Amino acid sequence: MNHLCGVYRPFDLQIDYARGLYLYAKDGKRFIDTFSGIGVLAFGHADRDIEDAMISKMKRYTHVSNFLLDEDAEIAAAKLVERTRRQGRVFFSNSGTEANEAALKAVKKLRKGAIVAFEKDFHGRTLGSLSITGFSNLREQFNPLLPEVVFLPHNNPEAFRSFVEQNQIAGVFVECLLGTGGLRQISNNMARTIMELKEKNYFLLVADEVQSGLGRTGRFFSYEHFGLKPDIITVAKALGGGLPLGATIFLDQVMDVFKYSEHGSTFAPNPVALAAANVVLNKIDDSLIAQVKQKGEYLKNELKFINNGLIKEVRGLGLMVGAEINVNPDLLKQIAFKNGILLNIVDGNVVRFLPPLNITYEEIDLIVELFENSLKEVDFERNRTETSFASKA
Ligand SMILES: Cc1ncc(COP(=O)(O)O)c(C=O)c1O
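Residue numbering for the sequence shown follows the numbering used here, beginning at 26 and increasing consecutively.
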């Protein structure tokens, strides 16, 4: 890894191939991927339908640029807009952060005033999206960022009301279920307050559905759980079936925000990713979404049943679930890895589960069993170290 920027700490695993819930190492060992490549692989690794669509498109062409129209772009855009049950237009990009950049440009073009973002919301790493990401530790080194951004506390309707009543607001960005911020959800009171003040104050509401959208939470968009009516929606992650694809959906009054040449991309939308997206969007139908809801409840209940004092809280919606743990997260990750299960830990001590949306109940049982065993082992290690330390003292 000598020639790669040290921004990641990958698992010590040489991947040979991956199928469904599993990754297979070159030495033959099997690992469970509990977070689907950070929520990207909605149908697990190497889904046949998605792969077939990619391959057949790839054989026709892999890139054409926006000087030519790929028919899959209009089809995918229509599917996304249809899911909002409103009028809209889509700008395709390559990632979540780019989808949010397009939303930011739209807000800046259409309204003047502060851009409100919330602590612990994550929107991306490029400078605009970083400016609205509610983690000061990620932003600090790169200041000054966008000057009009103001951070307000998560789920504090009074603070939000007081700020909105005293300032001119251009836009508000929300992440309804915090992915990076620890799987906490927006409160109904907060969502109601945002909608009430939006009516009076004319700001634009952007729902970041990059992680929580596309059926992940048991609704097509996670804002539907909370009665929000955003003007702009951003999606990415699962959209391209594993290939980079983001989308910014502009609705109703803002659907025509960008005129010719006001925004663009050389690569996006990639035709192969678009072919995959159309399969992904067809597969995320109402019956799958209903199953996501049921399986999510099942996963949460199974995690709650562990009940060994090593889990503080289990929370989340659909198959976007967090288990806040009481044990050393690094040790847990290490022991789980030894046990063949890859864990993703966010916000310090929250294990984030983002399994494939078509996971089976047996696979959920297997995840929970290995997770429980790993927790027990960490606890055993802790007790053993403490006992040997005490006997030496
Ligand atoms: C809610 C949310 N928004 C935006 C992003 C940024 O997406 P990307 O990493 O594709 O740029 C992420 C990534 O984790 C995310 O979870």
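Backbone N, C-alpha and C define an ideal beta-carbon position, used for all residues, glycine too.
Here the structure is a predicted model, which means the values were calculated and not measured.
Query raised in the report: Can we count Leu205 as close to ligand 1, meaning its CB is less than 7 Å from some heavy atom?
Result: Leu is not the amino acid found at residue 205; the sequence shown has Thr there. At least one heavy atom of ligand 1 lies closer than 7 Å to the C-beta of Thr205.
Query raised in the report: Is the beta carbon of Leu208 sitting closer than 8 Å to the one on Val65?
Result: Cβ distance not < 8 Å, so Leu208 and Val65 don't count as in contact.
Query raised in the report: Taking 7 Å as the cut-off, does the CB of Ser413 come closer than this to any heavy atom belonging to ligand 1?
Result: Relative to ligand 1, the beta carbon of Ser413 is positioned no closer than 7 Å to any heavy atom.
Query raised in the report: Going along the chain, which residues of its own chain have a beta-carbon closer than 6 Å to the beta-carbon of Ala361, five neighbours each way excluded?
Result: Only Leu368 and Ser399 meet the Cβ criterion.
Query raised in the report: How would you label Thr122, buried or exposed, when you count the other beta carbons within 10 angstroms and need 16 or more for buried?
Result: With 16 or more Cβ atoms within 10 Å of its Cβ, Thr122 is classed as buried.
Query raised in the report: Terminal residues of the continuous alpha helix (DSSP H) containing Ile157?
Result: Counting along the chain, Ile157 sits inside no alpha helix (DSSP H), nor does DSSP assign it H or E at all.
Report task. For Val427, write down the residues that DSSP places opposite it in a beta bridge. Result -> Beyond the ends of the chain as shown, which are 26 and 418, falls residue 427; an answer cannot be given.
Query raised in the report: Can you list, in chain order, the residues of its chain whose CB lies under 7 Å from that of Arg55, leaving out five sequence neighbours each side?
Result: Here the set comprises Tyr47, Tyr49 and Gly365.
Query raised in the report: Nearest to Phe195 by alpha carbon, out of His179, Val231 and Leu163?
Result: A small fix is needed here, since residue 195 is Ala in this sequence, not Phe. Taking the Cα of Ala195 as reference, the smallest distance to any Cα among His179, Val231 and Leu163 is reached at Val231.
Query raised in the report: Among Asn181, Leu155, Pro178 and Pro182, which one has its Cα closest to the Cα of Pro169?
Result: The candidate whose alpha carbon is nearest that of Pro169 is Leu155.
Query - Separation of Gln278 from Lys358, as counted between CA atoms - result: Using only the alpha carbons, I get a separation of about 47 Å.
Query - Beta-carbon gap between Ala272 and Leu105 smaller than 8 Å - result: Yes; because the gap between Cβ atoms is below 8 Å, this pair is in contact.
Requested in this report: Figure out for me which residue from Lys284, Glu402, Asn125 and Asp256 has the closest Cα to the Cα of Leu152.
Outcome: The closest CA to that of Leu152, considering only Lys284, Glu402, Asn125 and Asp256, is found on Asn125.
**Report entry** Test item: CB-CB of Leu395 and Ile57 under 8 Å
**Finding:** Going by C-beta atoms, Leu395 is nearer than 8 Å to Ile57.
Report task. Specify, as a first and last residue, the run of the alpha helix (DSSP H) that Val304 falls within. Result -> Element bounds for Val304: Pro296 to Lys308.
Query raised in the report: Quick one: any contact between the segment 219-226 and the segment 184-193, if contact means 3 or more CB pairs under 8 Å?
Result: The answer is yes - the segment 184-193 touches the segment 219-226, with three or more Cβ pairs under 8 Å.
Query raised in the report: Who are the Cβ neighbours of Ile157 in its own chain at under 6 Å, not counting the five residues just before and after it?
Result: Around Ile157: Ala142, His148, Val174 and Phe198.
**Report entry** Strand pairing of Val260, partner residues [DSSP]
**Finding:** In DSSP, Val260 forms a bridge with Ala272.
Query raised in the report: Mind checking Leu202: buried by the 16 CB within 10 Å criterion, or exposed?
Result: Buried, because 16 or more other Cβ atoms sit within 10 Å of the Cβ of Leu202.
Query raised in the report: Counting contacts by CB-CB distance shorter than 8 Å, is His250 in contact with chain C?
Result: Absent from the structure is chain C; it holds one protein chain and no more.
Report task. Report the rounded CA-to-CA distance for Ser90 versus Ala293, giving the unit in angstroms. Result -> Rounded to the nearest angstrom, the two C-alpha atoms are 8 Å apart.
Query raised in the report: Rounded to the nearest angstrom, how far is the Cβ of Phe116 from that of Ala127, given a contact under 8 Å?
Result: Between Phe116 and Ala127 the beta-carbon gap is near 5 Å, inside 8 Å, which marks them as a contact.
Query raised in the report: To which residues of the same chain is Leu313 closer than 8 Å at the C-beta, ignoring the five residues directly before and after it?
Result: If we look at Leu313 and ignore the five residues flanking it on each side, its Cβ neighbours are Gly240, Leu382 and Asn383.
Requested in this report: Look at the alpha carbon of Asn213 and the alpha carbon of Asp256, and state the distance between them as a whole number of angstroms.
Outcome: About 19 Å.
Query raised in the report: Gly113 to Asp281, Cα distance in whole Å?
Result: In a straight line, the C-alpha of Gly113 is about 8 Å away from that of Asp281.
Query raised in the report: Just to check, is the beta-carbon of Asp233 closer than 7 Å to a non-hydrogen atom of ligand 1?
Result: Result yes, Cβ under 7 Å from ligand 1.
Query raised in the report: So, using beta-carbon positions, are Asp372 and Gly206 closer together than 8 Å?
Result: A contact, by the Cβ cut-off of 8 Å.
Report task. Note the first and the last residue of the continuous beta strand (DSSP E) segment covering Val197. Result -> Run containing Val197: Ile194 to Val199, per the beta strand (DSSP E) assignment.
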